[in-house]
Amino acid sequence: MSTEEVTVRVPGRVNLIGEWIDFSGGTVLPMPIRSEITLTRRSNGTQTDVIGSAQFGNEARVGMETPAQHDWPDAVRGALQAARAMGWIDGGQDVSVHSDIPVGQGLSSSAATIVAALKASRPAGETDDVALALAARRVENEFMGVPCGIMDQMAVAAGRRGHVLALDTVDCSFELLPLPDDWEIVVIQSGVQRELADGSYKMRQLECQAAADALGVEHLCALKGPELLKLSGAPARRARHIWTEGQRSLEAVDALKARDRSAFGRLMVASHNSLRDDMEVSLPVMDRMVEDALALGAEGARLTGAGFGGCIAALVAPECVATWWAALQARHPQLKRAD
Ligand code: GLA
Numbered sequence: 002m003s004t005e006e007v008t009v010r011v012p013g014r015v016n017l018i019g020e021w022i023d024f025s026g027g028t029v030l031p032m033p034i035r036s037e038i039t040l041t042r043r044s045n046g047t048q049t050d051v052i053g054s055a056q057f058g059n060e061a062r063v064g065m066e067t068p069a070q071h072d073w074p075d076a077v078r079g080a081l082q083a084a085r086a087m088g089w090i091d092g093g094q095d096v097s098v099h100s101d102i103p104v105g106q107g108l109s110s111s112a113a114t115i116v117a118a119l120k121a122s123r124p125a126g127e128t129d130d131v132a133l134a135l136a137a138r139r140v141e142n143e144f145m146g147v148p149c150g151i152m153d154q155m156a157v158a159a160g161r162r163g164h165v166l167a168l169d170t171v172d173c174s175f176e177l178l179p180l181p182d183d184w185e186i187v188v189i190q191s192g193v194q195r196e197l198a199d200g201s202y203k204m205r206q207l208e209c210q211a212a213a214d215a216l217g218v219e220h221l222c223a224l225k226g227p228e229l230l231k232l233s234g235a236p237a238r239r240a241r242h243i244w245t246e247g248q249r250s251l252e253a254v255d256a257l258k259a260r261d262r263s264a265f266g267r268l269m270v271a272s273h274n275s276l277r278d279d280m281e282v283s284l285p286v287m288d289r290m291v292e293d294a295l296a297l298g299a300e301g302a303r304l305t306g307a308g309f310g311g312c313i314a315a316l317v318a319p320e321c322v323a324t325w326w327a328a329l330q331a332r333h334p335q336l337k338r339a340d
């Protein structure tokens with residue numbers, strides 16, 4: 002057994018458009034952010050995993066089969082168990098984590114931790130990032146009990162800095178599209194924390210599933226449109242968001258390829274409005290941030306990630322970013338950037 006120390010770095014992600022559709026057959030457009038997690042792993046020759054982080058304050062010493070404890074080391078614990086089940090590593094592991102990805106801000110800190118632990122465990126020569134992302138999603142779904150889609154794991158496992166990952170969530174095929182030089186994505190934390198495990202994500206996900214079941218389809222994004230009229234109330238609104246977001250996302254891929262910044266910006270705004278009105282995952286504080294970002298000159302702005310707090314993403318002309326940000330901060334002094 003090798004006791005060699007392996008260190009990997011994995012970034013967080015921001016999603017530009019394609020929200021709440023990665024379990025409904027949609028195309029999503031995330032990209033990595035600068036903040037990242039650094040994770041070091043080495044076999045320790047015992048039957049115990051030792052998971053530590055100076056930053057998060059405590060060290061977990063746990064048996065190799067310990068179930069989820071609903072604390073931060075769960076992401077590492079679940080990944081190590083998956084890596085052992087795949088025969089990638091053997092026995093207890095020492096893992097240390099340092100991350101500057103803001104936690105609970107919708108920037109995929111949890112997916113990045115799982116992907117980092119899997120990458121640090123992957124044998125040399127195994128390079129399939131899609132299989133690794135799928136394994137990471139299983140850790141979230143099955144070990145941590147979060148019924149998320151595949152976007153976050155793919156974004157952080159297969160994404161490339163400065164590129165948008167145009168990901169078809171039906172089969173995980175993707176294109177890496179460079180962000181044009183005259184586009185800048187600014188990510189801003191609302192300061193409102195949220196956790197996917199807290200129940201609100203699961204509740205919305207179940208509502209979307211109920212809408213799909215009522216229409217007898219696997220993927221709401223594959224609908225033609227008129228079928229939506231058969232639904233009413235909340236299921237109709239959720240299904241309308243998913244279907245329209247699926248269309249917007251495909252249009253956004255075209256706008257990105259055509260380097261049409263204002264068309265992309267308009268799609269981001271329509272996405273936010275749909276998340277606010279149909280998906281009902283925004284908060285007044287995030288609506289105000291988006292409105293002010295636009296009023297001060299952003300070409301597009303929207304909440305990013307699952308919502309209920311977290312961050313907004315704004316599309317701004319690079320030469321305007323400094324003055325635009327100063328003006329936004331004058332209105333909202335508590336805001337912090339996270340791009
Ligand atoms: C979270 C989930 C993703 C996705 C987004 C919403 O980030 O982990 O799978 O569903 O919410 O787009």
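For reference, each letter of the sequence shown is one residue, going 2 to 340 in this note's numbering. All C-beta atoms, glycine included, are put in the ideal place defined by N, C-alpha and C. For clarity, every value in this text was computed on a predicted model and none was experimentally measured.
A Cβ-Cβ contact shorter than 8 Å links alanine 158 with alanine 134. Three or more beta-carbon pairs separated by less than 8 Å are not found between the region 307–317 and the region 165–183, which leaves the two stretches without contact. The C-beta distance from proline 236 to glutamate 208 rounds to 6 Å, short enough to meet the 8 Å contact threshold.
Any heavy atom of the ligand GLA counts here; residues with a Cβ closer than 5 Å to one of them, in chain order, are Glu20, Trp21, Asp23, Cys149, Gly150, Met152, Asp153, Gly306, Ala307.
Distance from the CA atom of glycine 107 to the CA atom of leucine 81, rounded to whole angstroms, is 24 Å. The C-beta separation of alanine 328 from leucine 295 comes to about 12 Å, leaving the pair out of contact by the 8 Å criterion. Per DSSP, reduced to three states, the secondary structure at glutamine 194 is coil, with no helix or strand assignment. Going by DSSP, aspartate 95 is part of the beta strand (DSSP E) stretching over 94–100.
Judged by DSSP secondary structure, methionine 87 falls outside any beta strand (DSSP E); it is assigned neither H nor E. The Cβ atoms of arginine 43 and glutamate 5 lie closer than 8 Å to each other.
Looking at the backbone, the Cα of lysine 225 and that of alanine 240 are separated by about 12 Å. Distance check between arginine 195 and each of His164, Leu284, Glu320, Glu143 places Leu284 closest, using alpha-carbon atoms only.
Using a 10 angstroms sphere on the CB of leucine 230, the tally of other CB atoms stays under 16, which defines it as exposed. In terms of CA proximity to alanine 121, Trp89 leads the group Trp89, His333, Gly13. The DSSP assignment places 164–169, 174–179, 185–190 as complete runs of the beta strand (DSSP E) inside the region 144–206, in order along the chain (cut-off: 3 residues). The Cβ neighbour count for methionine 204, taken over all protein chains shown within 10 Å, is under 16; the residue is labelled exposed. Sorting Leu276, Pro227, Gln210 by C-alpha distance to the C-alpha of arginine 249 places Leu276 at the top. The alpha helix (DSSP H) runs lying completely inside the region 229–291 and spanning 4 residues or more are 234–258, 262–278, given in chain order. Membership of isoleucine 115 in any beta strand (DSSP E) is not indicated; the residue belongs instead to the alpha helix (DSSP H) covering 110–122. Under the 8 Å Cβ criterion, the region 176–196 counts as touching the region 316–335, having at least three qualifying pairs. Within the DSSP secondary-structure output, serine 44 pairs in a beta bridge with Gln94.
In this chain, the beta strand (DSSP E) harbouring alanine 314 covers 312–317.
Glutamate 60 sits in a strand when the DSSP states are folded into three classes. For leucine 304, the enclosing beta strand (DSSP E) has its first and last residue at 301–305.
Distances from the CA of phenylalanine 175 to each of Ala86, Ile22, Ala156, Arg162 were compared; the closest alpha carbon is that of Ala156. The three-state secondary structure of glycine 217, taken from DSSP, is coil. If you look at valine 322, you'll find it in the alpha helix (DSSP H) that goes 322–332.
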